[in-house]
Amino acid sequence: MSRLDTLLSGYAAHHRTRGNLICHAIGVTLILYGVVAFLREVPLPVAPWTAAEVGIVAVVLFYLRLNAALALTMLAELVLFDLLSRAVDDWRIGAAAFLAGWIFQAVGHARFEKNKPAFFASLIHLLVGPIFLWNELLRVRPTFPPIRPGS
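This is the structure:
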């Protein structure tokens with residue numbers, strides 16, 4: 001089993017219901033936007049670059065070690081969030097998105113999954129969540145256990 005398969009399966013074990021998956025699709029998206037918006041507030045000596053672009057490159061390099069297709073989806077999503085945060089140009093919107101995202105995550109686990117978030121077991125799952133969602137959408141790799149459709 002590849003490292004990616006191991007990570008996706010471990011994450012899937014904490015995310016087996018459709019309700020939780022929907023909450024995470026919304027929550028993870030909001031959290032990612034919030035993180036990019038926060039990091040954009042940290043300028044670098046090489047204008048117009050900020051810590052957001054450095055973070056995006058670092059995360060995409062991590063994802064490239066796991067799977068090129070999922071890394072490219074994350075690159076597209078993160079670049080979009082970077083451009084959006086530049087257009088919005090208000091860190092408070094990013095903070096609100098970040099907070100709302102974690103609320104969605106908590107609701108998903110409390111209401112639908114009835115378990116603790118995967119990152120309680122391993123912080124690496126904070127990076128696995130976004131590619132897990134893309135993988136569920138694009139079906140790049142199988143995950144086990146599978147999502148329960150009726151929940």
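Using my numbering, the first residue of the sequence shown is number 1, and each one after it goes up by one.
All C-beta atoms in this analysis are idealised placements derived from N, C-alpha and C, irrespective of residue type, glycine included.
If you look at G94, you'll find it in the alpha helix (DSSP H) that goes 91-107. One thing to note: A37 has its Cβ within 9 Å of the Cβ of A95. Looking at the backbone, the Cα of L75 and that of H15 are separated by about 24 Å. N115 has its alpha-carbon roughly 44 Å from the corresponding atom of A47. As far as DSSP is concerned, P45 takes part in no beta bridge. Spanning the alpha carbons of R3 and T73 requires a straight line of approximately 19 Å. By the C-beta density criterion, A106 is exposed, having fewer than 16 other C-beta atoms within 10 angstroms. Note that the C-beta distance between A100 and L30 is below 9 Å.
Bridge partners of T50 according to DSSP: P43. Burial is judged here by how many other beta carbons sit within 10 angstroms of a residue's own beta carbon; R40 has at least 16 and is buried. Per the C-alpha coordinates, the member of S85, I131, I22 positioned closest to R65 is I131.
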